[in-house]
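Numbering (the numbering used here), first residue to last: 10 to 249. Don't be surprised by glycine CBs; every beta carbon is placed ideally from N, CA and C. Quick caveat: nothing in here was measured; it's all calculated off a predicted structure.
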């Protein structure tokens, strides 16, 4: 990512994102010399997007997952401060969607409340969990269990592993949750976890990803959620 900062007609500085620390972070560079002026952000999280830059007040707005890889928030930082500090704009936990700013960089937090609750639709609330794989890496996954009121009550259930493996986006049909446990796991190589985690599959695609998915299934078996006989797997796009 790059953004050129203009004073009058020609750019004098530019914002750049670098992965030299192992995580994607913001840097301020001199346009003419191309040398680094200062590093603006650091930590074990990544800058997902430079959203906008208020050049009058020297503020850059950006999207990061600082709190957790499962959350997305809007932050701001003054890139001319001697010791820049980042300010969190969106306060509530979760994933926030930022659309646009007006010309004065005012922002509005729209929260009209829930018009209909999830219980009214009889949807299964997913469980967000994490496991350790055979390499001792923390893997995040989403687990959908059958609705005991809508489905058939059992002590263990047949399991279905849904794989994409490339990004965090997953979509399902609701009806399948009445009978099956559905596991969605972000294996090594998936996004927003830093260079080491994401590049672990370089020159070896399709190997470590499957190992991680298998470790997810073994976790379900150890938890007596499913058994080793009744496990299915399907994928699409990269996961196919």
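Under the rule that 16 or more other beta-carbon atoms within 10 Å means buried, what is residue 195, buried or exposed? For the purposes of this step, residue 195 is taken as residue 186 along the chain shown, with counting starting at 1. With 16 or more Cβ atoms within 10 Å of its Cβ, residue 195 is classed as buried.
Residue 205 to residue 150, Cα distance in whole Å? If you number the chain shown from 1, residue 205 lands on position 196. If you number the chain shown from 1, residue 150 lands on position 141. Taking the straight line from one Cα to the other gives about 19 Å.
Buried or exposed, going by whether 16 or more other CB atoms sit within 10 Å of the CB of residue 66? In the chain shown, the residue the question calls residue 66 occupies position 57. Label assigned to residue 66: exposed.
Between the Cα of residue 10 and the Cα atoms of 46, 138, 61 and 87, which residue gives the shortest distance? Against the chain shown, residue 10 aligns to sequence position 1. The shortest C-alpha separation from residue 10 is found at 61.
Rounded C-alpha distance that separates residue 182 from residue 171: Looking up residue 182 in the chain shown gives position 173. Looking up residue 171 in the chain shown gives position 162. The predicted model places residue 182 with a pLDDT of 38, which falls under 50 and marks its position as unreliable; any figure quoted below should be read in that light. If I take the Cα positions, the gap works out to 11 Å.
Could you compute how far the alpha carbon of residue 211 sits from the alpha carbon of residue 25? Mapped onto the chain shown, residue 211 falls at position 202. Mapped onto the chain shown, residue 25 falls at position 16. One C-alpha to the other measures close to 24 Å.
On a CA-only basis, which of 28, 203, 155 and 226 is nearest residue 238? Give me that one, please. Position 229 of the chain shown, counted from the start, is the residue given in the question as residue 238. Of the candidates 28, 203, 155 and 226, the one whose C-alpha sits nearest the C-alpha of residue 238 is 226.
Can you give the Cα-Cα distance for residue 184 and residue 12, rounded to whole angstroms? Within the chain shown, the letter at position 175 stands for residue 184. Within the chain shown, the letter at position 3 stands for residue 12. Residue placement at residue 184 is poorly supported in this model, since its pLDDT is 44, which falls under 50; the coordinates still yield a value, given next. The straight-line gap from Cα to Cα measures roughly 46 Å.
CB residue 229 to CB residue 190, shorter than 8 Å? On the chain shown, residue 229 is found 220 positions in, with the first residue counted as 1. On the chain shown, residue 190 is found 181 positions in, with the first residue counted as 1. Yes. Within cutoff.
Report the partner residues of residue 102 according to the DSSP bridge assignment. Within the chain shown, numbered from 1, the residue matching residue 102 stands at position 93. Its beta-bridge partners do not exist; DSSP assigns none.
Taking residue 55 and residue 73 to be in contact with their CB atoms under 8 Å, please state how far apart those CB atoms are, rounded to whole angstroms. By 1-based counting over the chain shown, the position of residue 55 is 46. By 1-based counting over the chain shown, the position of residue 73 is 64. The Cβ separation is near 7 Å, so the contact holds.
If you draw a straight line from the C-alpha of residue 207 to the C-alpha of residue 218, how long is it? Here the question's residue 207 lines up with position 198 in the chain shown. Here the question's residue 218 lines up with position 209 in the chain shown. Approximately 11 Å between the Cα atoms of the pair.
Where does residue 65 fall in DSSP's three states? Mapped onto the chain shown, residue 65 falls at position 56. In the structure shown, residue 65 sits in coil (DSSP, three-state: anything other than H, G, I, E or B).
Rounded to whole angstroms, what's the CA-CA distance from residue 14 to residue 240? Just pull it up for me. The residue labelled residue 14 in the question sits at position 5 within the chain shown. The residue labelled residue 240 in the question sits at position 231 within the chain shown. Using only the alpha carbons, I get a separation of about 54 Å.
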